[in-house]
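Chemist: In our numbering, the protein residues as written are -15 to 183.
For every residue, glycine included, the Cβ atom is placed at its ideal position computed from N, Cα and C.
#1: Report the three-state DSSP secondary structure of residue 168 (helix, strand or coil).
#2: Pair every Cβ in the stretch 97 to 115 with every Cβ in the stretch 139 to 151, then say whether three or more of these pairs are closer than 8 angstroms.
#3: Here's a check: name, in chain order, each residue in its chain whose Cβ is nearer than 6 angstroms to the Cβ of residue 172, leaving out the five neighbours to either side.
#4: Answer yes or no: do residue 99 and residue 153 have a C-beta to C-beta separation smaller than 8 angstroms?
#5: Along the chain, where does the alpha helix (DSSP H) containing residue 50 start, and where does it finish?
#6: Could you check what DSSP says for residue 78 in three-state terms: helix, strand or coil?
#7: Would you report the Cα separation of residue 57 and residue 36, rounded to the nearest angstrom?
#8: Take residue 164 and list the residues in its own chain whose beta-carbon comes closer than 7 angstroms to its own, dropping the five residues that flank it on each side.
#9: Can you give me the C-alpha to C-alpha distance between residue 22 and residue 73, rounded to a whole angstrom?
#10: For a quick check, are the C-beta atoms of residue 101 and residue 119 less than 8 angstroms apart?
#11: What residues match up with residue 31 in a beta bridge as DSSP calls it?
#12: Return helix, strand or coil for residue 162, following the three-state DSSP convention.
#13: Which full runs of the beta strand (DSSP E) of 3+ residues lie inside the stretch 110 to 164, going along the chain?
#14: Rounded to whole angstroms, what's the CA-CA distance from residue 190 to residue 44? Just pull it up for me.
#15: Grouping DSSP H, G and I as helix and E and B as strand, with all else coil, what is residue 101?
#16: Please report how far the alpha carbon of residue -8 lies from the alpha carbon of residue 126, in whole angstroms.
#17: Helix, strand or coil, according to DSSP, for residue 73 in the structure here?
#18: From residue 6 to residue 41, what distance separates their C-alpha atoms?
#19: So, for residue 18: in the same chain, excluding its five sequence neighbours on each side, which residues have a beta-carbon less than 7 angstroms away from its beta-carbon?
#20: Can you have a look at residue 8 and say buried or exposed, based on whether 16 or more other CB atoms are within 10 angstroms of its CB?
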């Protein structure tokens, strides 16, 4: 049941429409394909394509809040998809470039929803935040295990429905620490003043 709920989190909750059209990470680990210089106005948009596949559109600004838009959200580049590889583990997805109607992916990487939660006043069955790990945390950090941060595998994202969400960010950090995961590589994503304008 928990895994089904986590799938619903990815497929439905993270694609909510108000007050921000998509979830925004208040913190995340910089990666090869998204360095610190692109951690401005980051958000992700998920759209269900079928029972096991989501279209993924990423958005960020390069260099500053409302700087040059980067990512896959404007549809000009190859489409990213998230696929449930094993229906018995729907919280463990693979994200990669879509091969279109053939249904495969190029260079897929793990994208695991490891925790999710709701605020007390939220509608039943909805989530307000989620923690996503780029696969199994196997690297030893100063304060516990970390997901790798090099190549296409790895990463750690704290997602919230609100772009600025101090209370849920603190709750997510505490959740990670209670799981024995190191939070020292996380950096704040600048969301204040973002317009989220496509290029």
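Modeler: Taking the geometry as given:
#1: coil
#2: In short, these stretches touch, since the Cβ pair count reaches three.
#3: 11
#4: Not in contact: residue 99 and residue 153 (Cβ atoms no closer than 8 angstroms).
#5: No residue range can be given for residue 50, since it is assigned to no alpha helix (DSSP H) and is classified by DSSP as neither H nor E.
#6: strand
#7: 21 angstroms
#8: 128 and 129
#9: CA-to-CA, the gap between residue 22 and residue 73 works out to about 31 angstroms.
#10: Not a contact, by the Cβ cut-off of 8 angstroms.
#11: Answer by DSSP bridge pairing, in chain order: 39.
#12: helix
#13: Listed in chain order, they are 113 to 117, 123 to 125, 128 to 130 and 140 to 144.
#14: Residue 190 is absent from the model: the chain starts at -15 and stops at 183.
#15: strand
#16: Because the pLDDT at residue -8 is just 37, under 50, the model does not fix this residue reliably, and the value given afterwards should be weighed accordingly. Their backbone Cα atoms lie some 33 angstroms apart in a straight line.
#17: coil
#18: 10 angstroms
#19: 44
#20: buried
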